[in-house]
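With full-length UniProt numbering applied, the sequence shown covers 1 to 158.
Built from N, CA and C at the ideal position, the CB exists for glycine as well.
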Amino acid sequence: MDAIAEGINDAGNTFPIVEDPVHESTPKQAVRYVLWGLISVVVNLGTFYLLNSVVHINYQVANIIAWVIGVQVAFWIDRVIVFRHKSNSPIQEMVAFYSTRILTYLVETATLWVGVSLLSGNSNVSKIIGQLLAIIGNYIFSKLFIFKNKEAHHQQIH
Numbered sequence: 001m002d003a004i005a006e007g008i009n010d011a012g013n014t015f016p017i018v019e020d021p022v023h024e025s026t027p028k029q030a031v032r033y034v035l036w037g038l039i040s041v042v043v044n045l046g047t048f049y050l051l052n053s054v055v056h057i058n059y060q061v062a063n064i065i066a067w068v069i070g071v072q073v074a075f076w077i078d079r080v081i082v083f084r085h086k087s088n089s090p091i092q093e094m095v096a097f098y099s100t101r102i103l104t105y106l107v108e109t110a111t112l113w114v115g116v117s118l119l120s121g122n123s124n125v126s127k128i129i130g131q132l133l134a135i136i137g138n139y140i141f142s143k144l145f146i147f148k149n150k151e152a153h154h155q156q157i158h
């Protein structure tokens, strides 16, 4: 048994070890955030348009469905491509990601409500304005709270 255990221990890791975090400038991340983030924006806006304008679902219901789908797409794009974040806790990051996105969802929902219910404006135009406000807030939350480089932050403190 000891020989078998030694052989297993000497075999090395089955899963790749998490590499050191990627260190790069904020402008590069911001450019990637805008370019790659367009995918999640298109998913969000496209889903909203189809549900609200084609299927004629209430604009707030269409917005919540579009938001859930768009946030899931955005999480993986931001984690893998934009911030190139490597960790062993994607589920914890996803919970934190959704938590911060709820704040910007509320901004977007309020924008829709004001635009559609109070001002009798076009729901698609109100959605686009809300998305622009959400994009700004989402980048700030993702950069500062979700995909921050803990090792670099720790080194700056010491």
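In the DSSP assignment, the alpha helix (DSSP H) including Val41 goes from what residue to what residue? 26-49
Suppose you measure from the CA of Thr100 to the CA of Val68; what does that come to, to the nearest Å? 13 Å
Taking the straight line between their C-alpha atoms, what separation do you get for Asn138 and Ala62? 20 Å
Measuring CA to CA, which of Thr47, Phe83, Val43, Phe75 is closest to Gln29? Phe83
Please return the same chain residues whose Cβ sits closer than 6 Å to the Cβ of Ala74, not counting the five positions on each side in sequence. Ser40
What did DSSP end up calling Ser87 once you bin it into helix, strand or coil? coil
Do Ile146 and Asn97 come within 7 Å of each other at the CB atom, strictly closer than that value? Checking the sequence, you will find Phe at residue 97 rather than Asn. It is a contact, given that the beta carbons lie within the stated cut-off.
Element boundaries [alpha helix (DSSP H), containing Val125]: 123-141
Should Leu144 go down as buried or exposed, given a rule of 16 or more other Cβ atoms within 10 Å for buried? exposed
From Gln131 to Val114, what does the alpha carbon distance come to, in whole angstroms? 14 Å
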